[in-house]
Amino acid sequence: MKKYIFPFLVVFSLFLFALTFRGQAGNPTPHQIEFEENSSGQAFETSQERSRYAIILSLINDHSFAIDNYASMGTPDIGALKGHYYSFFPPAVSMMAIPLYILGTQLGAAQIFTFSISTIFSFLTIIMIFLFSKRLGLHWSISAFAAVAFGFATNAWGYSVTLYAHLVSAFLLLLGLFVVLPLDDKKRGIKAILAWFLYSMAVFVDFPNLFIFLPIVGLATLKMVNITEFKEKFKIKINWFVIFAPIIFLALMTVYGYYNYIHFGSPLKFSNTIPRVKDLKNTDLSAPESGTDATGALRTRNLLNGLTSFTVSHDRGILVYSPVVLLFIFGVGYLKKSKKWEEAGLLALPATCLVLYSMFGDPYGGWAFGSRYMIAVLPELCILAGVGLQRFAKNLLVKIIYIVVFTYSAAISLLAPLTTNVIPPYVEARYINLDSWYIINIRMLQKGELDSFFYNFVLQKSIPAVAYYFVILALVVAAGAYFIFTPKKDYENE
Amino acid sequence: MKMNKFLSEFEFNKSTIGTINKFVQKHTFEALLFLLVSAATFYYLFFLKNGLGLAYNDARSHLDIGRRVVEGLKPGAAQLGSVWLPLPHILMVLTIWNDFMWHSGLSGAIVSMISFVATGLLIYKFLEELGVGILGRVVGVVVFAANLNVLYLQSTAMTELLLIATMTASIYQLLKWFKYDDTLHLIKAAFFVMLATLIRYDGWFLFVFSSGLIALQVFRKKGYKAAEGTVILFCTLAGLGIALWFLWNLLIFKDPLYFIFGPYAAATQQSQLSEAGNLPTKGDLLFSIKVYLFALAYNSNAFISVLSVIGAAFLWLDKKIKTDIKIAATALFVPLVFNVIALYAGQSVLFIQGLSGNTWFNVRYGILMMPSIAIFIGYLTQKIDKLKIIVIALLAFVLYFSFANADAVTIDDARVGSSQKNVTEVSGWLAANAKNKPGFVLISAASHDAIIFSSGLPMSKFIHEGTGAYWISATTAPDRWARWIVMRTNDNNDQTFKLVSKTAAYKNGDYTLVNHYPFADIYEIKPQFLKTINTKPTLGYQK
Chain D
1 MKKYIFPFLV
11 VFSLFLFALT
21 FRGQAGNPTP
31 HQIEFEENSS
41 GQAFETSQER
51 SRYAIILSLI
61 NDHSFAIDNY
71 ASMGTPDIGA
81 LKGHYYSFFP
91 PAVSMMAIPL
101 YILGTQLGAA
111 QIFTFSISTI
121 FSFLTIIMIF
131 LFSKRLGLHW
141 SISAFAAVAF
151 GFATNAWGYS
161 VTLYAHLVSA
171 FLLLLGLFVV
181 LPLDDKKRGI
191 KAILAWFLYS
201 MAVFVDFPNL
211 FIFLPIVGLA
221 TLKMVNITEF
231 KEKFKIKINW
241 FVIFAPIIFL
251 ALMTVYGYYN
261 YIHFGSPLKF
271 SNTIPRVKDL
281 KNTDLSAPES
291 GTDATGALRT
301 RNLLNGLTSF
311 TVSHDRGILV
321 YSPVVLLFIF
331 GVGYLKKSKK
341 WEEAGLLALP
351 ATCLVLYSMF
361 GDPYGGWAFG
371 SRYMIAVLPE
381 LCILAGVGLQ
391 RFAKNLLVKI
401 IYIVVFTYSA
411 AISLLAPLTT
421 NVIPPYVEAR
431 YINLDSWYII
441 NIRMLQKGEL
451 DSFFYNFVLQ
461 KSIPAVAYYF
471 VILALVVAAG
481 AYFIFTPKKD
491 YENE
Chain Y
495 MKMNKFLSEF
505 EFNKSTIGTI
515 NKFVQKHTFE
525 ALLFLLVSAA
535 TFYYLFFLKN
545 GLGLAYNDAR
555 SHLDIGRRVV
565 EGLKPGAAQL
575 GSVWLPLPHI
585 LMVLTIWNDF
595 MWHSGLSGAI
605 VSMISFVATG
615 LLIYKFLEEL
625 GVGILGRVVG
635 VVVFAANLNV
645 LYLQSTAMTE
655 LLLIATMTAS
665 IYQLLKWFKY
675 DDTLHLIKAA
685 FFVMLATLIR
695 YDGWFLFVFS
705 SGLIALQVFR
715 KKGYKAAEGT
725 VILFCTLAGL
735 GIALWFLWNL
745 LIFKDPLYFI
755 FGPYAAATQQ
765 SQLSEAGNLP
775 TKGDLLFSIK
785 VYLFALAYNS
795 NAFISVLSVI
805 GAAFLWLDKK
815 IKTDIKIAAT
825 ALFVPLVFNV
835 IALYAGQSVL
845 FIQGLSGNTW
855 FNVRYGILMM
865 PSIAIFIGYL
875 TQKIDKLKII
885 VIALLAFVLY
895 FSFANADAVT
905 IDDARVGSSQ
915 KNVTEVSGWL
925 AANAKNKPGF
935 VLISAASHDA
945 IIFSSGLPMS
955 KFIHEGTGAY
965 WISATTAPDR
975 WARWIVMRTN
985 DNNDQTFKLV
995 SKTAAYKNGD
1005 YTLVNHYPFA
1015 DIYEIKPQFL
1025 KTINTKPTLG
1035 YQK
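Taken in sequence, the protein lines are chains D and Y.
1 is the number of the first residue of the first sequence in the working numbering; add one for each residue after it.
495 is the number of the first residue of the second sequence in the working numbering; add one for each residue after it.
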């Protein structure tokens, strides 16, 4: 199996994505998107998909970033300025999806092809986790476990088959970390430039990456100085290439600043700070997406609620939706001294993301499945969970914990791609008498309300939805169990 | 220095690095002292200038208590009263005679500021005793000092910082006694516990807890006899303040338990709250724990609280730390345990907005764990190798936003919570209309000390509960003594109304209601009675 693990991982991942891919064939019109495919359990169930899709349609048809002709389908996540409508979201993901949209349009499946941008990045992240884990010295099956755990036992799965930015961010962050580590290798200058370039890309994709990516460029900057002990002296080498690497970031940010200047009047004014339009008849000038600046949007008073929400709350908590990533705790403190920077990097990204979003006024991510804001940094936690598995490779009890947690996580995670990502947060649900946890997904599953393209197109008349769910779950759990129980000893310390 | 295309190479002698290292080791303490003093001064001036320095109703009351000892119709030590423990007011007496020191609040704030600096340095020394390096020690001090709630409270005449300083000092000395077994440290610990017992009742719990720890330690090492002797030695000094407080209550109020059962005691107020259903923590342990933990998290900020829990776990799970040290360090949890017990027993009231009611009240109690939190995080920084960079960077990130957003729950409590009392309308009226006219103002200090303070009038202008014969005379025949009366009409919790409402002058309508305000009403005697009213303190010296 060792020999075939990589092709297996590729085929297995693509197969599972194919089974859970959301939507339907055809090239949906703006009217269909806004009025026929916008309810819970459908491809355009949230304004996230609709607003990003609106940018694509506008760029293709009107050659404009303003979505004036498609604004209605993007509400309420759009804003208005100087007589034009704009999506609140950065345009990068939509721009990346354009080739797929064009291809999809030609083949009569525009939505499916466009949404596959997330799938592609999710798949790439899975591969990257595998490679990263291998480079850390993890056993091949443990590396595969970490990769599968992220792809198919976290709420990332639900967002891998729709049009969000989380999976693109996840890939860029992990790639950035992969590039800058290990710190003591050669080609420091080139890697630093690459890291700063990826930083720019990550900011283009999602604004908060401005902060979440910081540890990576921090590590890249650490590469600048190399201190070695030699007899009675310390030798300090400074690589000036690394010092000048941020120039590429500044140059690309200038481009972004120019984009903001052209459209919103100031280089530092992002699209999510313009006045919100809840519907086209009502421009609510007082309610931008995130306040006027980062300082206003991030408040330490929110930390208590934010941390609780992200970790243990029933409506969003990782403990409830993706507990497999909490197995990272087994891996902390295990890596050898020479790999301590790897450990630091793997912990720094989730910690930064958690603290950042916990200070945000809406840690719930609107109507969502689990803590969607954390998806970007779940790969790092899955890798550390893999480290933990390697550490306790001989410990049967720990392995049982792993398989139980993995099975539960996979069972919950699979609900989202098959049904919906739209679960109201408790703070809203309690006022409108709705549930605020995955019981909503379970009910949809029991009623056979699946949005899986493959199921609806091929199997709907053959097997019940619940059976379809359990077949896929069985595949994931079987793979996970195999990967968990294959390693028999502590390979790192052998 | 060599230089390639993009590569520069420098060389340093190890001895040079060693010299720098020694310099840093030697002068960090002094540098921190300078920075702490600078921060204390800057933030005092900052809060004085923006008017928040005296926002707490209690801060004004503390200042008035100190002032009454040296100025008023009946000055003297008895004015220290029994509502609050006396040490903060005794320390104020040294400077409160000066009008500027009184009305600027500096008389009380300076005690808090010194306590702030001392606590910062104690955290540094505490971490040093735990074997933490320079970086960890500095991080610990920064976590404590760069907290806006701490900085605010150290700029006011509140008692939290003084309590924090004395408790931290006693726990630090206790740690050293556990570590070195030197009796001098035990005596120092007892001294600071004694001081703490004269500030707040949290100190009393520290006294009991420390005594228990000492008994346990000596019993473990040397047996019962030695334990008995050591505990008696410790308690003799540490318990002196408590004994003196009982004695004080007996001498002044004829009841050693007056501070517990007296009409102005906290317990009395809490029982009123309880009867009104406003004491939800009473009898509910889990809710008491939750409320205090929320207060703690809001004061320190939740991220820092979480880090401190991890730091505490590191400390107690560290096999290199001796059991003796671990036992001593349990005293760091005294504020947590005491406050939970006090809330559960209904002896304390603490409102968290959104959790218990829709306002803040006494949320500052959560700040008492701040030195412990700082110590745990300092220790964590020492223990996590390269991960310390993440912790320090995230701390900087969070602290930046806490300052940028001016996020201080204690300020909210003082400004808009139940701990505030905006009496500017009443005090403003008095300042404008009573300042330059002869005559006394009859008022209950227990209910309206903030008005007395904010009016800016001399203390000798007021007849209140602590003025002996003046109070008795004025509440019996107000038309003989009180040109103005400030009271809450129809509220028998206001002692002035309770007594004055029974007098003939009030019933006969000798006073005109000048105005009705949210916190109190102002009455003025009718002009025809002005001729018969006393405007000079004719009763002379009173015992």
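Think of the CB as a built atom: it goes at the ideal place given N, C-alpha and C, for glycine as much as any other residue.
Inset, instruction - Please compile the residues from chain D whose C-beta is within a distance smaller than 7 Å of the C-beta of Y/V892. - result: Residues of chain D whose Cβ lies closer than 7 Å to the Cβ of Y/V892 are, in chain order, T300 and V355.
Inset, instruction - Compile a chain-ordered list of the residues in the segment 869-888 of chain Y whose CB is closer than 8 Å to at least one CB of chain D. - result: Those residues of the segment 869-888 of chain Y that come within reach of chain D (Cβ to Cβ, closer than 8 Å) are D879, K880, L881, I883, I884, A887 and L888.
Inset, instruction - Taking only the alpha-carbon atoms, compute the straight-line gap between D/S40 and D/L415 and give it to the nearest angstrom. - result: Rounded to the nearest angstrom, the two C-alpha atoms are 13 Å apart.
Legend entry - Neighbour flag for Y/F781 against chain D, beta carbons, 8 Å: So, not an interface residue.
Inset, instruction - Give the interface partners of D/M359 over in chain Y, defined as CB-CB distance under 8 Å, in chain order. - result: Within chain Y, the residues near D/M359 are V892 and F895.
Legend entry - Same chain, Cβ closer than 6 Å to Y/M495, five either side skipped, listed in chain order: In this prediction, Y/M495 scores a pLDDT of 48, lower than 50, which makes its location untrustworthy; no coordinate-derived value is stated.
Legend entry - Contact residues within the segment 300-318 of chain D, judged by C-beta distance below 7 Å to chain Y: Result list: T300, R301, L303, L304 and L307.
Legend entry - Where D/A351 meets chain Y, residues with beta-carbon distance less than 7 Å: Neighbours of D/A351 across chain Y, judged by C-beta separation under 7 Å: I884 and L888.
Inset, instruction - Return the first residue and the last residue of the beta strand (DSSP E) that D/R299 is part of. - result: Counted as a single uninterrupted DSSP element, the stretch harbouring D/R299 is not any beta strand (DSSP E), since DSSP gives it neither H nor E.
Legend entry - Cross-strand partners of Y/L669 (DSSP beta bridge): In DSSP, Y/L669 forms no bridge with anything.
Inset, instruction - Could you tell me the distance, in whole angstroms, from the CA atom of D/Y426 to the CA atom of D/G317? - result: One Cα belongs to D/Y426, the other to D/G317, and the distance between them is close to 12 Å.
Legend entry - Contact set between Y/K792 and chain D, taken where Cβ atoms lie within less than 8 Å: Just to set this straight, residue 792 of chain Y is Tyr in the shown sequence, not Lys. What Y/Y792 touches in chain D: R301 and L304.
Legend entry - Endpoints, alpha helix (DSSP H) assigned at D/V161: Counting along the chain, D/V161 falls outside any alpha helix (DSSP H), and DSSP gives it neither H nor E.
Legend entry - Counterpart residues of Y/A1014 in DSSP-defined beta bridges: DSSP lists no beta-bridge partner residue for Y/A1014.
Legend entry - chain Y within 8 Å of D/A429, Cβ atoms only: It does not; no Cβ of chain Y falls within 8 Å.
Legend entry - CB contact check: Y/A806 to chain D, cutoff 8 Å: The C-beta of Y/A806 comes no closer than 8 Å to any C-beta of chain D.
Legend entry - Unbroken alpha helix (DSSP H) run spanning D/F123, endpoints: A110 to R135 is the span of the alpha helix (DSSP H), which, as asked, contains D/F123.
Inset, instruction - Determine, using beta-carbon pairs with one atom in the segment 171-182 of chain D and one in the segment 200-220 of chain D, whether at least three such pairs fall under 8 Å. - result: Contact holds between the segment 171-182 of chain D and the segment 200-220 of chain D, because three or more Cβ pairs, one in each stretch, are under 8 Å apart.
Inset, instruction - Please state whether DSSP places D/S358 in a helix, a strand or coil. - result: Under the three-state reduction of DSSP, D/S358 is assigned to helix.
Legend entry - Y/I804 - containing alpha helix (DSSP H), residue span: Bounds of the alpha helix (DSSP H) holding Y/I804 are A796 to L811.
Legend entry - C-alpha gap between Y/I693 and Y/F747, whole angstroms: Taking the CA atoms as reference points, Y/I693 sits about 19 Å from Y/F747.
Inset, instruction - Check whether the segment 937-944 of chain Y touches the segment 982-997 of chain Y, counting contact only when three or more Cβ pairs, one atom from each stretch, lie closer than 8 Å. - result: Three or more beta-carbon pairs separated by less than 8 Å link the segment 937-944 of chain Y to the segment 982-997 of chain Y, which places the two stretches in contact.
Inset, instruction - Just tell me which of D/I126, D/V255 and D/G296 has its CA closest to the CA of Y/Y900. - result: The displayed chain sequence assigns Ala, not Tyr, to residue 900 of chain Y. Distance check between Y/A900 and each of D/I126, D/V255 and D/G296 places D/G296 closest, using alpha-carbon atoms only.
Inset, instruction - Compute the Euclidean distance between the alpha carbons of Y/T691 and Y/N795, then round it to the nearest angstrom. - result: If you take the alpha carbons of Y/T691 and Y/N795, they lie about 28 Å apart.
Inset, instruction - Report the rounded CA-to-CA distance for D/L434 versus Y/L780, giving the unit in angstroms. - result: Looking at the two C-alpha atoms, the distance is approximately 28 Å.
Legend entry - Top-ranked residue by Cα proximity to D/N38, from D/L138, D/I236, D/K336 and D/P76: Comparing alpha-carbon positions, the option among D/L138, D/I236, D/K336 and D/P76 lying closest to D/N38 turns out to be D/P76.
Inset, instruction - List the residues of chain D whose Cβ lies closer than 7 Å to the Cβ of Y/A640, in chain order. - result: Those do not exist, as Y/A640 stays about 12 Å from chain D at its closest Cβ, beyond 7 Å.
Inset, instruction - Could you tell me which residues DSSP puts in a beta bridge with Y/E524? - result: Bridge partners of Y/E524: none, in fact.
Inset, instruction - Run down chain Y in chain order and give the residues with a C-beta less than 8 Å from the C-beta of D/G189. - result: F500, listed in chain order.
Inset, instruction - Please classify Y/M652: does DSSP put it in a helix, a strand, or coil? - result: In the structure shown, Y/M652 sits in coil (DSSP, three-state: anything other than H, G, I, E or B).
Inset, instruction - Put D/E494 into one of helix, strand or coil per three-state DSSP. - result: Only weak support exists for where D/E494 lies, its pLDDT of 44 falling under 50; the value from the coordinates is given anyway. Three-state DSSP puts D/E494 in coil, outside helix and strand.
Inset, instruction - Note down, in chain order, each residue of its chain lying with its Cβ closer than 8 Å to the Cβ of D/I98, except the 5 sequence neighbours on either side. - result: Counting only Cβ-Cβ distances below 8 Å, and skipping sequence neighbours, we find I56, L59 and I60.
Inset, instruction - Name, in chain order, the residues that DSSP records as bridge partners for D/R22. - result: Bridge partners of D/R22 according to DSSP: D/S452.
Inset, instruction - Under 8 Å by Cβ, that's how I've got D/G158 and D/S13 pegged, so tell me the actual separation to the nearest angstrom. - result: About 15 Å separates the two Cβ atoms, so there is no contact after all.
Inset, instruction - Mind the definition here: the segment 363-370 of chain D touches the segment 315-329 of chain D only if three or more C-beta pairs lie below 8 Å; say whether that holds. - result: Yes: the two stretches touch, three or more of their Cβ pairs being nearer than 8 Å.
Legend entry - CB contact check: Y/A800 to chain D, cutoff 8 Å: In the sequence as displayed, the identity of residue 800 of chain Y is Val instead of Ala. For Y/V800, the nearest beta carbon of chain D is closer than 8 Å to its own beta carbon.
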